[in-house]
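J.:
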Amino acid sequence: MALIEKDHLLNLSFEGLKEYRGGDALNDRIYEWFETPQGTISDNPSWGNALWLLKHEPPSMTLNVAAEMIIVEKIAKDIEDLSVKGIQVEFLEIDLMKITISHRFGEYNQTHQI
10 MALIEKDHLL NLSFEGLKEY RGGDALNDRI YEWFETPQGT ISDNPSWGNA LWLLKHEPPS
70 MTLNVAAEMI IVEKIAKDIE DLSVKGIQVE FLEIDLMKIT ISHRFGEYNQ THQI
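The opening residue of the sequence shown carries number 10 in our numbering; numbering runs sequentially from there.
1. What are the uninterrupted segments assigned as alpha helix (DSSP H) that are 4 or more residues long and contained completely in the region 27-88, given in chain order?
2. So which of Pro54, Leu63, His65, Phe43 has the shortest CA-CA distance to Ile124?
3. Would you decide whether Asp37 is buried or exposed? Buried here means 16 or more other CB atoms lie within 10 Å of its CB.
4. Just tell me which of Thr49, Ile103, Phe114, Glu28 has its CA closest to the CA of Pro68.
5. What would DSSP say about Ser92, mapped onto helix, strand or coil?
6. With distances taken from CA atoms, which of Lys94, Glu99, Val98, Ile50 is nearest Phe114?
7. Using the beta-carbon count (16 or more within 10 Å), is Ala85 buried or exposed?
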């Protein structure tokens with residue numbers, strides 16, 4: 010089954026609406042999930058990340074593990090095509106984290122502010 014995803018920000022190019030395939034499609038879904046706090050989508054309030062729970066916590070190894078657990082448990086429910094093979098979270102600043110998620114198409118690497 011081919012994985013195809015329309016750009017969630019509705020970015021247009023000369024060819025029309027930007028479209029992602031395979032690993033890029035899955036990475037766009039993951040990116041959208043991180044950019045959407047839980048409770049902000051009116052018709053699906055349970056969809057999105059719950060990382061706001063960790064906001065303003067001092068960076069530590071314990072916080073990294075807590076973030077990894079929150080992400081793995083919730084993202085697997087929200088993105089059905091995603092099978093997390095590995096995850097690593099590192100807080101760079103008090104509200105800025107670097108996230109690496111390994112999945113069947115490769116890796117998602119991004120920094121996110123919570």
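We put the beta carbon where it would ideally sit given N, CA and C, even for glycine. In this text the structure is predicted, and so the values were computed from the model without any measurement.
T.: Walking through what the data contain:
1. 32-44, 70-87
2. Nothing can be reported for residue 124: it is not among the residues displayed for the chain, which extend from 10 to 123.
3. buried
4. Ile103
5. coil
6. It is Lys94.
7. exposed
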